[in-house]
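Engineer: Protein chains in written order, with the numbering used here: chain F, 79 to 286; chain Z, 27 to 518. C-beta: ideal position from N, C-alpha, C; glycine also. Got a structure for you, written out below as structure tokens; questions coming shortly.
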């Protein structure tokens with residue numbers, strides 16, 4: 079128990095500290111790096127809860143994709159973060175109000191939960207997790223077993239979205255204007271063919 | 027769960043998906059030059075899928091044998107009836123497309139995109155899932171697959187601003203409707219503890235709470251958007267006008283059948299224990315659609331807008347059959363759907379054959395003046411469709427309206443039936459105006475352009491179905507519709 083408690087406070091403290099640093103850091107790139115640290119520690123908290131699937135999802139999706147995307151956006155786009163932060167004190171009351179609303183909702187949710195939750199899931203209990211499986215195994219068994227057809231349809235929906243994006247935006251290259259890359263030709267090129275040695279007189283300049 | 031049996035039940039979807047994936051590769055490598063070949067192959071795949079459902083349709087599949095994937099899908103007689111209609115309508119949308127996209131009417135982008143048939147195929151997969159959904163999750167995924175393909179199809183002429191506008195409008199409003207539907211589903215899930223139709227039905231017994239009632243209303247609103255019933259119809263005229271005409275023909279038929287089929291299944295199988303909760307809503311939507319569809323069409327100059335209002339009006343009659351809330355009403359609704367699809371395909375096929383000498387499509391009332399002199403065959407075909415849509419005997423449109431009114435009046439809803447009959451008289455005005463303009467006005471312009479044999483075949487077939495010859499079909503059609511409707515009420 080002690081080790082669990084220590085691990086929990088360790089992860090939780092780092093999450094909170096790095097979350098604060100995300101907001102406080104002057105350099106936006108540093109903000110994103112702090113955010114990644116926060117994600118990693120949140121994943122640690124999930125492992126402590128026994129939700130290893132969500133932990134892996136956090137690392138793969140949030141750290142691997144979303145945070146890297148943020149990093150790209152921050153580094154590629156010319157956003158004046160100092161100007162964005164200038165309104166902080168002006169907007170602070172609004173932010174506090176939203177925070178208070180969220181807190182109230184959380185408390186309300188916990189109150190309702192304590193009053194007795196609904197039993198969700200399939201009524202015949204076929205979607206219940208077997209006692210001795212890890213949750214990755216249980217999720218996999220559901221996704222690729224009971225819900226295989228829905229999983230496949232979801233895949234086709236994504237495919238249709240991709241077809242749609244390409245159909246509506248792809249510009250076919252104009253005939254003739256196409257720049258073709260011939261790798262073999264590029265490799266066969268020798269320095270002797272490509273360069274010319276000249277020894278101009280002093281003051282004669284170069285020949286173009 | 028028996029996977030082999032489940033996959034055997036969704037074999038038509040597997041065929042369509044496989045064909046879609048293979049043709050996507052052909053489209054990617056062959057480019058738009060391969061479009062015609064892809065369209066033919068796609069139509070063949072739809073035909074094959076149609077053949078696959080014939081035995082089930084003939085013998086009738088119901089009960090536990092029709093459940094696939096542990097009750098996620100239910101491939102019963104009802105689903106098969108709807109699927110047969112959907113595949114026929116999708117084939118029609120493929121047949122009329124190539125010559126439209128090859129003409130100057132398609133704007134600067136000559137020739138059909140090879141992705142058009144592929145999107146129609148994936149859309150058909152989605153529609154097949156919609157009508158066989160037996161769980162809110164499969165319902166939503168089927169709906170999204172259909173909608174997503176439809177958004178792209180509406181905007182497929184990307185250099186045409188009207189097509190782009192139609193696509194964007196459809197996308198934004200469709201996303202909103204999906205959100206509303208999803209919110210309704212989440213409320214129902216929260217209050218009943220399940221997403222399967224039987225689970226939600228079991229949770230909705232007795233006195234319904236406010237939250238669950240909100241769920242019912244939100245789900246019905248989301249579905250009403252998809253079938254463009256009043257008051258969720260605003261997008262229809264704009265999208266129908268802006269989308270390329272073959273796509274409009276597709277929207278007016280196949281997705282409508284799927285969405286109506288889905289709505290009927292949801293109200294009977296999920297809300298079946300709470301008829302009082304939804305009957306008023308559906309009845310209101312039905313009457314409002316009939317009245318608004320009839321009144322809105324009167325001032326229209328554009329023929330595609332006119333047909334959009336006409337489809338709203340027809341959806342009203344279909345919903346009237348639904349609002350009766352018994353097997354007779356559901357059967358009448360299915361018969362009406364079949365006849366409506368035949369009339370719509372015929373109208374759009376005829377419209378696509380009207381071109382000026384440069385090949386531009388004729389789309390307004392001014393253009394079709396005196397059509398009976400310039401193109402008598404098309405004018406007479408349109409006359410049959412218009413009189414049929416107006417419900418004038420002896421055409422089959424009269425029979426469609428007749429079975430709906432019969433079901434309404436036998437259920438004791440005489441007042442509602444009377445309102446609907448009165449409104450259909452108003453609706454007859456613009457259908458007859460269409461005929462008057464074609465037959466009694468002075469001809470203007472030249473209607474030329476040779477039409478393809480495929481268009482003539484389609485026009486001839488639909489005209490034959492709608493003509494009094496169609497009554498030969500009615501006994502077997504009624505038989506199929508009765509069986510399909512009965513399978514909806516098995517769970518009750």
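Take residue 378 of chain Z as the anchor and find which of Z:130, Z:66 and Z:102 has the nearest alpha-carbon.
Structural biologist: Numbered from 1 along the second chain, position 352 holds the residue referred to as residue 378 of chain Z. The shortest C-alpha separation from residue 378 of chain Z is found at Z:130.
Engineer: Any beta carbon of chain Z sitting closer than 8 Å to that of residue 246 of chain F?
Structural biologist: Position 168 of the first chain holds residue 246 of chain F. With 8 Å as the cut-off, residue 246 of chain F counts as an interface residue toward chain Z.
Engineer: Closest to residue 530 of chain Z by CA distance: which of Z:511, Z:169 and Z:375 is it?
Structural biologist: The requested residue 530 of chain Z does not occur in the structure, where chain Z is confined to residues 27 to 518.
Engineer: Return helix, strand or coil for residue 222 of chain Z, following the three-state DSSP convention.
Structural biologist: Taking the second chain and counting its residues from 1, one reaches residue 222 of chain Z at position 196. Strand at residue 222 of chain Z.
Engineer: State the Cα-Cα distance for the pair residue 188 of chain F and residue 181 of chain F, rounded to the nearest angstrom.
Structural biologist: Residue 188 of chain F sits at position 110 when you count from the first residue of the first chain. Residue 181 of chain F sits at position 103 when you count from the first residue of the first chain. Roughly 11 Å separates the two Cα atoms.
Engineer: How is residue 390 of chain Z classed by DSSP in three states: helix, strand or coil?
Structural biologist: Position 364 of the second chain, counted from the start, is the residue given in the question as residue 390 of chain Z. DSSP places residue 390 of chain Z in strand when its eight states are reduced to three.
Engineer: Taking DSSP's pairing of strands, which residues face residue 161 of chain Z in a bridge?
Structural biologist: In the second chain, the residue the question calls residue 161 of chain Z occupies position 135. DSSP, once it has assigned bridges, lists Z:222 as partnering residue 161 of chain Z.
Engineer: Check the Cβ-Cβ distances between residue 146 of chain Z and every residue of chain F, and say whether any is below 8 Å.
Structural biologist: Here residue 146 of chain Z corresponds to residue number 120 of the second chain, with the count starting at 1. With 8 Å as the cut-off, residue 146 of chain Z does not count as an interface residue toward chain F.
Engineer: If the cut-off is 9 Å on Cβ atoms, which residues from the segment 216-238 of chain F count as contacting chain Z, listed in chain order?
Structural biologist: Flagged, chain order: 223, 224, 225, 226, 227, 228, 230, 231, 232, 234, 235, 237 and 238.
Engineer: Which residues of chain Z have a Cβ atom closer than 9 Å to the Cβ of residue 189 of chain F, listed in chain order?
Structural biologist: Mapped onto the first chain, residue 189 of chain F falls at position 111. The contacting residues do not exist; residue 189 of chain F stays about 16 Å from chain Z at best.
Engineer: Just to confirm the assignment, what range does the alpha helix (DSSP H) spanning residue 82 of chain F have?
Structural biologist: Counted from its first residue, the first chain places residue 82 of chain F at position 4. Residue 82 of chain F -> alpha helix (DSSP H) spans 80-102.
Engineer: Give me the chain F residues within the contact set of residue 153 of chain Z, using Cβ-Cβ distance strictly less than 8 Å, ordered along the chain.
Structural biologist: Here residue 153 of chain Z refers to the residue found at position 127 of the second chain. Within chain F, no residue comes near residue 153 of chain Z; the closest Cβ sits about 12 Å away, beyond 8 Å.
Engineer: So, for residue 17 of chain Z: in the same chain, excluding its five sequence neighbours on each side, which residues have a beta-carbon less than 6 Å away from its beta-carbon?
Structural biologist: With chain Z running from 27 to 518 in the structure shown, residue 17 of chain Z is simply not present.
Engineer: Any contact between the segment 322-333 of chain Z and the segment 438-456 of chain Z? By contact I mean 3 or more CB pairs, one from each, below 8 Å.
Structural biologist: Touching, yes, given that three or more Cβ pairs across the two stretches are closer than 8 Å.
Engineer: Can you give me the start and stop residues for the alpha helix (DSSP H) that residue 274 of chain Z sits inside?
Structural biologist: For this step, residue 274 of chain Z is matched to residue 248 along the second chain. First-last of the alpha helix (DSSP H) with residue 274 of chain Z: 271-291.
Engineer: Measuring CA to CA, which of Z:399, Z:459 and Z:404 is closest to residue 483 of chain Z?
Structural biologist: In the second chain, the residue the question calls residue 483 of chain Z occupies position 457. For residue 483 of chain Z, the nearest C-alpha among the options comes from Z:404.
Engineer: Could you tell me which of Z:158, Z:122, Z:125 and Z:116 sits nearest to residue 145 of chain Z, measuring between CA atoms?
Structural biologist: Residue 145 of chain Z sits at position 119 when you count from the first residue of the second chain. Of the listed residues, the one whose Cα sits closest to residue 145 of chain Z is Z:116.
Engineer: Who are the neighbours of residue 167 of chain Z on chain F, taking C-beta pairs under 7 Å?
Structural biologist: What you label residue 167 of chain Z is simply residue 141 of the second chain in a count that begins at 1. Going along chain F in sequence order, the residues near residue 167 of chain Z (Cβ under 7 Å) are 228, 231, 232 and 235.
Engineer: Excluding five sequence neighbours on each side, which residues of the same chain lie with their C-beta closer than 7 Å to the C-beta of residue 120 of chain F?
Structural biologist: In the first chain, residue 120 of chain F corresponds to position 42, counting from 1. Cβ neighbours of residue 120 of chain F beyond the five flanking positions: 93 and 136.
Engineer: Is the beta carbon of residue 72 of chain Z less than 8 Å from the beta carbon of residue 49 of chain Z?
Structural biologist: To locate residue 72 of chain Z, count along the second chain from 1; it is residue 46. To locate residue 49 of chain Z, count along the second chain from 1; it is residue 23. Not in contact: residue 72 of chain Z and residue 49 of chain Z (Cβ atoms no closer than 8 Å).
Engineer: Could one say the Cβ of residue 362 of chain Z lies closer than 8 Å to chain F's Cβ atoms, at least one of them?
Structural biologist: Working through the second chain from its first residue, we reach residue 362 of chain Z at position 336. Closer than 8 Å: no.
Engineer: Determine the direct distance from the alpha carbon of residue 459 of chain Z to that of residue 332 of chain Z, and round the result to whole angstroms.
Structural biologist: As a first step, residue 332 of chain Z must be located in the second chain, where it is residue number 306. As a first step, residue 459 of chain Z must be located in the second chain, where it is residue number 433. Taking the straight line from one Cα to the other gives about 11 Å.
Engineer: Give a yes or no on whether the C-beta atoms belonging to residue 262 of chain Z and residue 189 of chain Z are separated by under 8 Å.
Structural biologist: For the purposes of this step, residue 262 of chain Z is taken as residue 236 along the second chain, with counting starting at 1. For the purposes of this step, residue 189 of chain Z is taken as residue 163 along the second chain, with counting starting at 1. Their beta carbons are not under 8 Å apart, which means residue 262 of chain Z does not touch residue 189 of chain Z by this criterion.
Engineer: Would you report the Cα separation of residue 133 of chain F and residue 115 of chain F, rounded to the nearest angstrom?
Structural biologist: Counting from 1 along the first chain, the entry for residue 133 of chain F is found at position 55. Counting from 1 along the first chain, the entry for residue 115 of chain F is found at position 37. Those two C-alpha atoms are separated by around 14 Å.
Engineer: Roughly how far, in whole angstroms, is the beta-carbon of residue 239 of chain F from the beta-carbon of residue 174 of chain Z, given that I think they are within contact range, below 8 Å?
Structural biologist: Mapped onto the first chain, residue 239 of chain F falls at position 161. Mapped onto the second chain, residue 174 of chain Z falls at position 148. Going by Cβ atoms, the distance from residue 239 of chain F to residue 174 of chain Z rounds to 6 Å, so yes, they are a contact pair.
Engineer: Which residues, taken in chain order from the segment 178-207 of chain Z, show a beta carbon closer than 7 Å to some beta carbon of chain F?
Structural biologist: Answer in chain order: 178, 181, 182 and 184.
Engineer: How would you call residue 222 of chain F, buried or exposed, if buried means at least 16 neighbouring beta carbons within 10 angstroms?
Structural biologist: Taking the first residue of the first chain as 1, we reach residue 222 of chain F at position 144. Result: exposed.
Engineer: Which of the three DSSP states, helix, strand or coil, is assigned to residue 331 of chain Z?
Structural biologist: Within the second chain, the letter at position 305 stands for residue 331 of chain Z. Helix, per DSSP.
Engineer: What are the residues in the segment 77-104 of chain Z lying within 8 Å of chain F by C-beta distance?
Structural biologist: Cβ contacts with chain F come from 94, 95, 96, 98 and 99.
Engineer: With a cut-off of 8 Å, do at least 3 Cβ pairs link the segment 501-511 of chain Z to the segment 383-400 of chain Z?
Structural biologist: Counting Cβ pairs under 8 Å, fewer than three are found: no touch.
Engineer: Classify residue 165 of chain F: buried if its beta carbon has 16 or more other beta carbons within 10 angstroms, exposed otherwise.
Structural biologist: Residue 165 of chain F sits at position 87 when you count from the first residue of the first chain. That one is exposed.
Engineer: Start and end of the alpha helix (DSSP H) containing residue 252 of chain Z?
Structural biologist: For this step, residue 252 of chain Z is matched to residue 226 along the second chain. Note, residue 252 of chain Z: alpha helix (DSSP H), 236-252.
Engineer: Compute the beta-carbon to beta-carbon distance between residue 368 of chain Z and residue 492 of chain Z, rounded to the nearest angstrom, for a pair I have assumed lies under 8 Å.
Structural biologist: Within the second chain, residue 368 of chain Z is the residue found at index 342, counting from 1. Within the second chain, residue 492 of chain Z is the residue found at index 466, counting from 1. Indeed, because the Cβ distance is near 6 Å, the residues count as touching under 8 Å.
Engineer: Output the distance between the C-alpha atoms of residue 58 of chain Z and residue 392 of chain Z, rounded to the nearest integer angstrom.
Structural biologist: Working through the second chain from its first residue, we reach residue 58 of chain Z at position 32. Working through the second chain from its first residue, we reach residue 392 of chain Z at position 366. Going from the Cα of residue 58 of chain Z to the Cα of residue 392 of chain Z covers about 35 Å.
Engineer: Is it the case that the segment 213-222 of chain Z contacts the segment 195-205 of chain Z, given that we only count it when at least three CB pairs across the two stretches are under 8 Å?
Structural biologist: Segments in contact, no.
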